[in-house]
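Contents: one structure, followed by commentary.
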Amino acid sequence: MKKLLLILLSALLLLSGCTTTFQRSANSSKTVRIDPKPVAANDETKEIKLYFPSTAGGLLLELRNITEKSDSIKQILDEFLKGPKSSYELAGVPAGTQLISYELKQDVLYVNFSSEYSKATRDQVRALVTTLTELPNVNGIQILVEGQKQKNLGMTPMKREVLLGTVKYSPDWLKDIQNQVDEGKQLWRTDPLSVMRTEGGIVGFGPNDDFNVVKEGNGFAQVDVSSLGKGYIISLRQPVKKGNSGVWVIDSVSAKFTKIADADPSKGETFIYGRLLSIDIQNRTIKIQREYQDSPDMNNKVDSDIPVLKDAVIHFQKKIGISDNGYKYEEQDMRFEDMKVGSELGIILTKDKKARAIIVSDPTQIIKEPNIKIVQPKENQVVESPFKVEGTARVFEGTVNIELITSDGKLLDQTTAQATAGAPSWGEFQAMVSYQPLDKPVDGLLRVYSRSPKDGSQQDMVIIPIRLK
Numbered sequence: 118m119k120k121l122l123l124i125l126l127s128a129l130l131l132l133s134g135c136t137t138t139f140q141r142s143a144n145s146s147k148t149v150r151i152d153p154k155p156v157a158a159n160d161e162t163k164e165i166k167l168y169f170p171s172t173a174g175g176l177l178l179e180l181r182n183i184t185e186k187s188d189s190i191k192q193i194l195d196e197f198l199k200g201p202k203s204s205y206e207l208a209g210v211p212a213g214t215q216l217i218s219y220e221l222k223q224d225v226l227y228v229n230f231s232s233e234y235s236k237a238t239r240d241q242v243r244a245l246v247t248t249l250t251e252l253p254n255v256n257g258i259q260i261l262v263e264g265q266k267q268k269n270l271g272m273t274p275m276k277r278e279v280l281l282g283t284v285k286y287s288p289d290w291l292k293d294i295q296n297q298v299d300e301g302k303q304l305w306r307t308d309p310l311s312v313m314r315t316e317g318g319i320v321g322f323g324p325n326d327d328f329n330v331v332k333e334g335n336g337f338a339q340v341d342v343s344s345l346g347k348g349y350i351i352s353l354r355q356p357v358k359k360g361n362s363g364v365w366v367i368d369s370v371s372a373k374f375t376k377i378a379d380a381d382p383s384k385g386e387t388f389i390y391g392r393l394l395s396i397d398i399q400n401r402t403i404k405i406q407r408e409y410q411d412s413p414d415m416n417n418k419v420d421s422d423i424p425v426l427k428d429a430v431i432h433f434q435k436k437i438g439i440s441d442n443g444y445k446y447e448e449q450d451m452r453f454e455d456m457k458v459g460s461e462l463g464i465i466l467t468k469d470k471k472a473r474a475i476i477v478s479d480p481t482q483i484i485k486e487p488n489i490k491i492v493q494p495k496e497n498q499v500v501e502s503p504f505k506v507e508g509t510a511r512v513f514e515g516t517v518n519i520e521l522i523t524s525d526g527k528l529l530d531q532t533t534a535q536a537t538a539g540a541p542s543w544g545e546f547q548a549m550v551s552y553q554p555l556d557k558p559v560d561g562l563l564r565v566y567s568r569s570p571k572d573g574s575q576q577d578m579v580i581i582p583i584r585l586k
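For the sequence shown, our numbering gives the first residue as 118, with consecutive numbering after it.
Listed below in structure tokens is the structure:
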């Protein structure tokens, strides 16, 4: 019995001395420690998205699971370096590539690879950037090779880029995923909106983009997307069979806008602001009232009537929502004759004072809808400990924070509640709030809010005044 105890004790001592380290080669003495925290076998798991180059060109998505409570960045990089599981995908990094280190600075993730990564293809770089920007607190990727930036890999942080055009697939891959759906797997592929939300990353769309199905039928679907202030049209098709059990794939991506090149001072181009007073469709001229009198653009002398070039690009900045930082816009192409008198314009003028580009601002006013709504208690309701808080929320991961304070700021209780769904969906939540007995009734404030996934700051704050017995 004593011998058995000694063996178990020795095994525990050996395990407690283990750490997770990286050693790049057998001949290298430089060892980099990355996340020494051991992974517990009973930790909960969460699903992650990995993107790998496709044998047909472009990217394909793989879904895998990692441990919920461990370092997500480290685990995602580990899984990415393991490579794809499908024969229709290629390695995400050049052969022999090893991870040296990584560091998250604000919202930019710096990833440092061994020298082999300098041979990475464009699709391999896209696969890495797309995979890592799935993380809610990562907006840019700076790739380093042996600690140094490489011109061919980007001297500044890279972000997702929406790819326009047709998406290519292997015919055998299409048949395989249809067979998987027929076996009851990956059923999200039978809904075009779910396909966009799940694997829109293969063409550059992000998890926070807005998708809206505008047309569906006979094996074809069209989805409108707003991404980083730009509007896109996505076509999807059912390549193997039509109907409720047929898989959907992204077929093509087109922009709702034509890109406008910035004003080029070296060519004598300038930028001015103004409000549209009149429009002459026949002669293709506009008359504006100059605005922003303290702006440098006021020094740019322009005739009252401004000719608009026949091939001028005209954008309409449509307001599609509101965030904590102001309005959210989507730029769309607009016809010259559709401009409205009274609109605010930004105009790029050529050297001879003709408009080659016009940006029209949307005058619509949007009232922000709160992301947290409290159903119970009501404002100025009299409550006593304990009492229930109920409501609905559209917040990151469905996590709602609740605080009860007195009117003079003394904290009485704080807790969290988990909504039945996370943003962009609405979810219901409820929680019990309690406090120590009071000498007399007092005024209180119920503060309910979420936290920013980027910096943890409070947001979506709702304050309900109540009376505490």
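Backbone N, C-alpha and C define an ideal beta-carbon position, used for all residues, glycine too.
As the structure is a prediction and not an experimental result, all values here were calculated from the model.
Under the criterion of beta carbons closer than 8 Å, K586 and V506 do not qualify as touching, at roughly 16 Å.
Relative to the Cα of I583, the nearest Cα in the group F388, Q493, Q575 belongs to Q493. In this structure, T307 sits near G363, with a CB-CB distance shorter than 9 Å. Distance between D397 and K332, taken at the CA atoms: about 36 Å.
The three-state reading of DSSP puts I319 in helix, counting H, G and I together. Between S502 and S551 a beta carbon distance of about 5 Å is seen, short of the 8 Å cut, so the two are scored as contacting. Residue pairing by DSSP puts M549 in a beta bridge opposite K505.
Less than 9 Å separates the beta-carbon of I491 from that of V579. DSSP places D240 inside the alpha helix (DSSP H), whose first and last residues are 239-249. Secondary structure in the segment 200-238: the beta strand (DSSP E) runs of 3 residues or longer, each lying completely within the stretch, are 216-222, 225-230 in chain order.
Shortest Cα-Cα distance from G526 to any of A380, S542, V559 involves V559. Going by beta carbons, S203 and L245 fall outside the 9 Å limit. The beta carbon of F328 is closer than 7 Å to those of L310, M313, R314, V340, V342 in its chain, skipping five residues each way along the sequence. Taking all protein chains in view, the Cβ of M549 is surrounded by fewer than 16 other Cβ atoms within 10 Å, so the residue is classified as exposed. Sequence-distant partners of V284 (beyond 5 residues in either direction) whose C-beta falls short of 8 Å from its own C-beta, in its chain, are G175, I319, V320, V366, I367, D368, S369, V370. Where K292 is concerned, the enclosing alpha helix (DSSP H) starts and stops at 288-299.
In the three-state reduction of the DSSP assignment, V312 falls in the helix class, which pools H, G and I. In the structure shown, K557 falls within a coil segment according to DSSP collapsed to helix, strand and coil. Under DSSP, K166 shares a beta bridge with L180. Where Q493 is concerned, the enclosing beta strand (DSSP E) starts and stops at 489-493.
The Cβ-Cβ distance between V262 and Y234 falls below 9 Å. Secondary structure remark: continuous beta strand (DSSP E) runs of at least 3 residues inside the segment 422-464, in chain order: 422-440, 443-450. The beta carbon of I423 sits closer than 8 Å to the beta carbons of T402, I403, K404, I405, I464, L466, K470, K471, A472 from its chain, once the five residues preceding and following it are set aside; these are given in chain order. Per DSSP, the continuous beta strand (DSSP E) segment holding A372 begins and ends at 366-372. When C-alpha distances from G264 are compared across K236, I217, L555, the shortest belongs to I217. Shown here, G282 sits in a strand according to DSSP, grouped into three states.
As the crow flies, the alpha-carbon of V225 is around 52 Å from that of K557.
If you draw a 10 Å sphere on the C-beta of S542, you find fewer than 16 other C-beta atoms in it, and that means exposed.
Taken atom to atom, the span from the alpha-carbon of V255 to that of A538 is near 22 Å. Assigned with DSSP and collapsed to three states, N256 falls in coil, not helix or strand.
Here DSSP, grouped into helix, strand and coil, assigns T307 to helix. CA-CA distance, R277 to L249, rounds to 10 Å. In the pairwise beta carbon analysis, the segment 558-572 is classified as touching the segment 513-520: at least three pairs are separated by under 8 Å. Taking the CA atoms as reference points, L345 sits about 8 Å from E447.
Boundaries cannot be given for K302, as no beta strand (DSSP E) includes it and DSSP labels it neither H nor E. When DSSP states are grouped into helix, strand and coil, S352 belongs to the strand group.
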